[in-house]
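>
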Amino acid sequence: MEKVVGTIDGDELSVEERNLLSVAYKNVIGAQRASWHIISSIEQNEESHGNENHVSSIKAYRSKIETELSSICNSIFNLHDSKLIGSTSNGDSKVFYLKMKGDYFRYLADFKTGAERKEFAQNTLSAYKAVQDIANIFYYEILNSADRACNLAKQAFDEAIAELDTLGEESYKDNTLIM
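This is the structure in structure tokens:
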């Protein structure tokens with residue numbers, strides 16, 4: 015799929031092509047995520063039984079899966095930033111790509127730890143917020159529903175406020191400025 019998207023010069027993907035891209039990446043990432051969850055469960059089980067011989071091999075395999083997951087996510091981020099989002103003027107496509115980007119940041123946050131986890135969680139939140147902003151504009155400008163747009167904006171604001179205490183100092187400052 016990456017090669018197919020790479021051949022598109024300035025043209026937007028059709029809905030069918032966009033869906034094929036999404037399904038192709040979902041299938042690949044889904045299998046890797048399932049593997050990661052299974053191997054992590056096995057690792058915890060082996061650790062609880064004190065089987066250190068197995069644990070080191072399992073950790074090495076889990077690390078390999080994490081590297082593959084990161085590679086898949088980086089591939090979609092590359093496509094997103096270099097080919098997809100810049101070539102679209104269609105609101106539906108922008109929402110689709112931003113949500114997709116948020117999903118892949120979420121997949122990374124799922125297995126990362128510490129500062130990396132916070133960073134990817136923040137990136138996820140930012141991508142999903144951008145999707146919600148587009149929805150608010152749609153409600154306001156296209157459907158002439160200022161009440162619905164305001165309700166969505168208030169809901170997003172309230173949810174963001176609730177998450178502020180989970181952020182590091184730098185992210186906290188950035189987010190309060192945006193809000």
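For the sequence shown, my numbering assigns the number 15 to the initial residue and increments by one for each residue that follows. Beta carbons are placed, not taken as given, at the ideal position from N, Cα and C, and that holds for glycine.
(1) Rounding to the nearest angstrom, what Cα-Cα distance links D25 and I43 in this structure?
(2) Just the C-alpha distance for K126 and F134, rounded to the nearest angstrom, thanks.
(3) Once you ignore the five residues that flank Q46 on each side, which residues in its own chain have a CB closer than 7 Å to its CB?
(4) Are V69 and L112 closer than 8 Å when you measure CB to CB?
(5) If you count every other CB in all the chains shown that lies within 10 Å of the CB of A38, and 16 or more means buried, which is it?
(6) Please report the residue range of the alpha helix (DSSP H) in which H51 lies.
(7) I need the boundaries of the alpha helix (DSSP H) containing K78, first residue and last residue.
(8) For S36, which residues from the same chain have a beta carbon less than 7 Å from its beta carbon, with the 5 sequence-adjacent residues on both sides left out?
(9) Helix, strand or coil for L157 per DSSP?
With the given structure in hand:
(1) Computed Cα separation, rounded: 26 Å.
(2) Approximately 8 Å, taken between the alpha carbons.
(3) Same-chain partners within the cutoff: I79, E82, L83, I86.
(4) no
(5) exposed
(6) 29 to 62
(7) 66 to 93
(8) M114
(9) coil
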